[in-house]
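Presented below is the structure to which this report refers.
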Amino acid sequence: TTLFRSASKQLTDEVECIVIDDGSTDGTTEILKEYVGKKGFGIYRQDKSRGVSDARNAGITFAKGEYITFLDADDEYAENAIKKMLNATVQQKDIVQFNQFRHYDELGRTTLKYDNPSGTYSLYQRPKMWCMVWNKIYRTKFLKDNQIWFKTGMQFGEDEHFNLKCMLSDATYWHTKEATVIKHFDNKNSLCHKMTMAELHKQDDILTSLYWGLIYLNDLEKASNDNKPTETDKKIREVESIIKEHRASRLYQETGLRKVEE
Numbered sequence: 139t140t141l142f143r144s145a146s147k148q149l150t151d152e153v154e155c156i157v158i159d160d161g162s163t164d165g166t167t168e169i170l171k172e173y174v175g176k177k178g179f180g181i182y183r184q185d186k187s188r189g190v191s192d193a194r195n196a197g198i199t200f201a202k203g204e205y206i207t208f209l210d211a212d213d214e215y216a217e218n219a220i221k222k223m224l225n226a227t228v229q230q231k232d233i234v235q236f237n238q239f240r241h242y243d244e245l246g247r248t249t250l251k252y253d254n255p256s257g258t259y260s261l262y263q264r265p266k267m268w269c270m271v272w273n274k275i276y277r278t279k280f281l282k283d284n285q286i287w288f289k290t291g292m293q294f295g296e297d298e299h300f301n302l303k304c305m306l307s308d309a310t311y312w313h314t315k316e317a318t319v320i321k322h323f324d325n326k327n328s329l330c331h332k333m334t335m336a337e338l339h340k341q342d343d344i345l346t347s348l349y350w351g352l353i354y355l356n357d358l359e360k361a362s363n364d365n366k367p368t369e370t371d372k373k374i375r376e377v378e379s380i381i382k383e384h385r386a387s388r389l390y391q392e393t394g395l396r397k398v399e400e
């Protein structure tokens, strides 16, 4: 319940807290009943576990606020985190990413810290740790208008795929120099620490499908524009570079994924 206490004690009239119980068997819903009825707090339970992507999509569907953020079960908010996120909404950007988020060990000590210069970012100038969703707030209308959802059934790389779709939809992207808003704990039982070749192949296949979708769109654009260069040309090159970076990475190579093409 540490996670919920870190969020609930910071709630204001401007904030709603949506909990998606993804078919848990540890009594999560019962534990959280003390919060039911509090203003802005809602619990929704899925009858069976459908994975993180479905749970987050449900949260987006129920969200009524102007902005949305995501907090996983093994993380918690730092002091005044919600106030800092509310302050950042004055930027009126589709995405605001926060600086100096940290990984914490079991004793609560900082083990890693990342910094990005404050300013505007995009698909062509991505900040460090752009792949994550829990260090950002998103304009809800932007997500719904552009039909940006998490890929159902995707258990690894779903955050990156989600953020990539945001940038391909030309999201206005701001990075603020606000201090830490999230305490992200390195969960040794998470999928990232139990990666399989099948999961990496699935991530690769999904990114490749996105790439070929852009190729198809680009062909249509050029057919109606005298074969002139398009903005989609640039997007294709960026997605291609991301796929190549993955395939060249140590994680991919150690699990035996297909070699990088020359």
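The numbers in our numbering rise by one with no breaks, and the one at position 203 of the sequence shown is 341. The beta-carbon is built from N, C-alpha and C at its ideal position, and this holds for glycine as well. Just so it is clear, the structure is predicted and the values come from calculations on it, not from any experiment.
What are the boundary residues of the beta strand (DSSP E) that includes residue i?
{"i": "F236", "result": "233–236"}
{"i": "L250", "result": "248–251"}
{"i": "I286", "result": "I286 -> no beta strand (DSSP E), and no H or E assigned at all."}
{"i": "D210", "result": "It is not in any beta strand (DSSP E) - D210 carries neither H nor E in the DSSP assignment."}
Helix, strand or coil, according to DSSP, for residue i in the structure here?
{"i": "Q230", "result": "coil"}
{"i": "Y173", "result": "helix"}
{"i": "R188", "result": "coil"}
{"i": "Y311", "result": "strand"}
{"i": "S162", "result": "coil"}
{"i": "G180", "result": "strand"}
{"i": "E400", "result": "Only weak support is given to the placement of E400: the predicted model assigns it a pLDDT of 41, under 50, and the value that follows is read from those uncertain coordinates. The answer is coil: DSSP assigns E400 none of H, G, I, E or B."}
{"i": "G197", "result": "helix"}
{"i": "K366", "result": "coil"}
Should residue i and residue j be called a contact, given that it needs their Cβ atoms to be closer than 9 Å?
{"i": "F208", "j": "W272", "result": "yes"}
{"i": "N284", "j": "K303", "result": "yes"}
{"i": "T249", "j": "T334", "result": "no"}
{"i": "L352", "j": "L306", "result": "yes"}
{"i": "I81", "j": "V153", "result": "Within the shown structure, residues of the chain are numbered from 139 to 400, placing residue 81 beyond reach of any answer."}
{"i": "T278", "j": "K202", "result": "yes"}
{"i": "E376", "j": "T368", "result": "no"}
{"i": "I169", "j": "A196", "result": "no"}
{"i": "K321", "j": "E214", "result": "yes"}
Please classify residue i as buried or exposed, where buried requires at least 16 other C-beta atoms within 10 Å of its C-beta.
{"i": "V228", "result": "exposed"}
{"i": "E204", "result": "exposed"}
{"i": "S144", "result": "buried"}
{"i": "A336", "result": "exposed"}
{"i": "L245", "result": "exposed"}
{"i": "Y390", "result": "buried"}
{"i": "E383", "result": "exposed"}
{"i": "E298", "result": "buried"}
{"i": "A361", "result": "exposed"}
Let me check understanding here. Comparing Cα to Cα, which of the options lies closest to residue i?
{"i": "I233", "options": "W268, D213, K251, G351", "result": "W268"}
{"i": "K251", "options": "Q263, F236, D159", "result": "F236"}
{"i": "A226", "options": "I275, F200, L338", "result": "I275"}
{"i": "I206", "options": "E378, R183, I286", "result": "I286"}
{"i": "I381", "options": "K231, Y215, S347, S187", "result": "S347"}
{"i": "T370", "options": "Y354, D364, T258", "result": "Y354"}
What are the boundary residues of the alpha helix (DSSP H) that residue i is part of?
{"i": "T370", "result": "369–386"}
{"i": "Y262", "result": "From DSSP, Y262 is part of no alpha helix (DSSP H); its letter is neither H nor E."}
Would you check whether the ligand GDP has a heavy atom nearer than 8 Å to the C-beta of residue i?
{"i": "N363", "result": "With respect to the ligand GDP, the structure shown offers nothing to examine, as it has no ligands at all."}
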